[in-house]
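From first to last, the protein sequence lines are chains A and B.
Just so we're aligned, residue 519 is where the first sequence starts under the numbering used here, counting upward by one.
Just so we're aligned, residue 2 is where the second sequence starts under the numbering used here, counting upward by one.
Think of the CB as a built atom: it goes at the ideal place given N, C-alpha and C, for glycine as much as any other residue.
Values in this document were obtained by computation on a predicted structure and should not be read as measured data.
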Amino acid sequence: MDKHVLLIEDEPNIIEAIRFILSRDGWRVECHSDGQSAMEAVRKKMPHVVILDVMLPNRSGYDILSDMRADGATKDLPVLMLTARGQTKDREMAERLGVSKFMTKPFSNAEVLKTMRELVDA
Amino acid sequence: MPSQVLTGGRIRERRTALGMKQADLARAVGISAPYLNLIEHNKRKIGGKLLIELARALRVDMTTLTEGAGASVLAGLRDAASTFAEQDAELARIDDFVARFPGWAAVLAESKTRLDRLERSVETLTDRLTHDPMLSTSLHDVLSTVTAIRSTASILVEPEDIDPNWQKRFQANIYEDAIRLAESTQSLVAHLDDMESPDASANNPQEEMDAFLKRHDYHFNDLEHGRVAPEEIVAGDSTKISDAARGLILRHLRRYISDAVLVPLADVRTAIAEVGLNPSVLAQRFGVAAPVILRRIASLPAEIIGADVGLVIADASGALTFRRVATGFPVPLFGAGCPLWPLYQAVSRPMIPITADIEIASRSKHRFLAYAFANLRHDEGFDGPHSVESTMLILPESLVPLTSSTPQTVGITCRICPRNDCAARREGSILSET
């Protein structure tokens, strides 16, 4: 199966590293860096998994996740949320909005790979 | 046993116990030393705001001054008993406790006071940590950069072969991120330093003035042409300004006007176009003292200067009384800056102009040309004490040619300076071990 992930993140070097490890693991990786147009990108690409950063330019990851869950076409897409804020309330907020997995920066490559495999196999 | 000493005597006792001079306490509360002397000898009644100020300056409860330590201890113990009500303290025997164990009673009351103070500090700091957007952004920057470094480094240390082009690319990314991390950490530490004191809110008068001047880009076109008075500019500002900050701003704007009269905008524009941004030459051309031209350059509009310049002014104690921050040359909000700054060297060599090619001790290696000059002021005439004011203009290398191959390395402030071997260091750096 051609595993397809949309990485919504604005840090170029994080994008590069994640793109590398996922590509090597057989994923087709597409990237998007702007919060405002992220929802449109999700609808257009319809990946198997979305990796979503919380702090993005112009729009937060929470808003994008909320839109995804409200949209019939994207409501069931697995979302791995990345955040630099590991506070309980941030995790609760993400869970309330329907996140599939939540990962706090700095994370390891092994964690990302493991979580992505779990999401696509689920 | 009730104390027979009156309030004035208690003030004197407390002041001497703290090793404080009468003049220092008087200055701290805004009264003259002779008047404080009268108060201390119970020749003047005291109460209200002044008593509150004195208690604050002497770091005691007001009741300690008015009713003696016994009353203050009793109040403290009652407060502790009500806070820890579940302990069911024997309030009916509180007088007996204080009389039999005055030392322990004082320790308990003081502990409660300190606990309250610490709780307030924790609350304030927690509030700032939660709501401070600058802190949130800085932490996010640091963590994101650490994440990028960790992920990239993990790829590079894996036993699997990586294409040499990717390898080079990842090495470059790590280098880039390491620089970014150093900068964002410095910025974060500087910010944490700023918020270290719970009382040092963003609204202290100095910060209010800094924010006001920044909102106006340090330039007031209407003042240049005498179209408005300083008071009108302050009144027209959209932000609420405290009385204390208003005083500082008006003093700054009045000096701005006198500088602008001596060095008119149109003339300085022409002069800079002809001779460049050279403070020495410009001061001679306008026949003004060096500090006037240094301040004037820092008040010119961007269209004339063409880049971000910095200006700091300090008094003889080293306290910074004015800050205009140039990009790459942060200025601490609290405490003094780096002792190696030409600003401070000028204080020890008043009336002698100092020029120095400086480089900031950080990975970014920003370079600047600094012009410093300390002038003596005799505001109180021949008999009064003279004061020193030192001014330093900071010009980035994009504005001036820097020819020295060995610029002088300076820091921002010791606490966030990475130079461990600096002879001028006055305290350890929290970056020194990183």
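According to the DSSP secondary-structure assignment, Y372 (chain B) is paired through a beta bridge with B:T356 and B:L394. Cβ proximity to chain A below 8 Å picks out nothing from the segment 22-40 of chain B. Listed in chain order, the positions of the segment 145-160 of chain B with a beta carbon within less than 7 Å of a beta carbon of chain A are S145, V147, T148, A149, R151, S152, T153, S155 and I156.
The alpha-carbon separation between E120 (chain B) and W105 (chain B) amounts to approximately 22 Å.
Within chain A, no residue has its beta carbon less than 7 Å from that of E184 (chain B); the closest one is some 15 Å off. Distances from the alpha-carbon of A424 (chain B) to those of B:C339, B:R252, B:G10 and B:A272 put B:C339 closest.
Put simply, the CB of F625 (chain A) is near chain B, with a gap under 8 Å to one of its CB atoms. Counting only runs of 4+ residues, the alpha helix (DSSP H) found wholly inside the segment 8-32 of chain B occupies 8-18 and 23-30, in chain order.
The C-beta distance from P575 (chain A) to D528 (chain A) rounds to 6 Å, short enough to fall under 8 Å. In the DSSP assignment, K632 (chain A) falls within the alpha helix (DSSP H) that extends over N627 to D639. In terms of Cβ geometry, A612 (chain A) and M573 (chain A) do not form a close pair [threshold 8 Å]. Within its own chain, the residues whose Cβ lies closer than 6 Å to the Cβ of R13 (chain B), once the five positions on either side in sequence are excluded, are E41, listed in chain order.
When only Cα atoms are considered, V617 (chain A) and G31 (chain B) end up about 59 Å apart. Between H220 (chain B) and L301 (chain B) a beta carbon distance of about 7 Å is seen, short of the 8 Å cut, so the two are scored as contacting. Between the alpha carbons of V411 (chain B) and V264 (chain B) lies a gap of roughly 31 Å. Considering only B:T186, B:V158, B:E111 and B:R170, the residue with the shortest C-alpha distance to V147 (chain B) is B:T186. Listed along the chain, the chain A residues whose CB falls inside 7 Å of the CB of L193 (chain B) amount to none; the nearest CB is some 17 Å away. Sequence-distant Cβ neighbours of N38 (chain B) in its own chain, meaning closer than 8 Å and more than five residues away, are Q23.
One thing to note: K623 (chain A) has its Cβ no nearer than 8 Å to the Cβ of L637 (chain A).
Between L524 (chain A) and V560 (chain A), the alpha-carbon positions lie close to 7 Å from each other.
Distance check between I95 (chain B) and each of B:T114, B:L116, B:I413 and B:S73 places B:S73 closest, using alpha-carbon atoms only. Two segments are said to touch when three or more pairs of C-beta atoms, one from each, lie closer than 8 Å; by this definition the segment 304-322 of chain B touches the segment 374-394 of chain B. The continuous alpha helix (DSSP H) containing K563 (chain A) extends over residues A556 to K563. Just measuring C-alpha positions, the residue of B:F98, B:H192, B:L19 and B:V108 sitting nearest T414 (chain B) is B:H192. In the three-state scheme derived from DSSP, where H, G and I count as helix and E and B as strand, T67 (chain B) is classed as helix. A residue is called buried when at least 16 other Cβ atoms come within 10 angstroms of its Cβ; Q554 (chain A) does not meet this threshold and is exposed. Residue contact with chain A for D178 (chain B): present (Cβ-Cβ distance below 8 Å to some residue of chain A). I582 (chain A) is classed as buried because its beta carbon has at least 16 other beta carbons within 10 Å across all chains shown. By the beta-carbon neighbour count (other beta carbons within 10 angstroms, threshold 16), P165 (chain B) is exposed. For the pair of segments examined, the segment 110-117 of chain B was found not to touch the segment 531-549 of chain A: the number of CB pairs separated by less than 8 Å stays below three.
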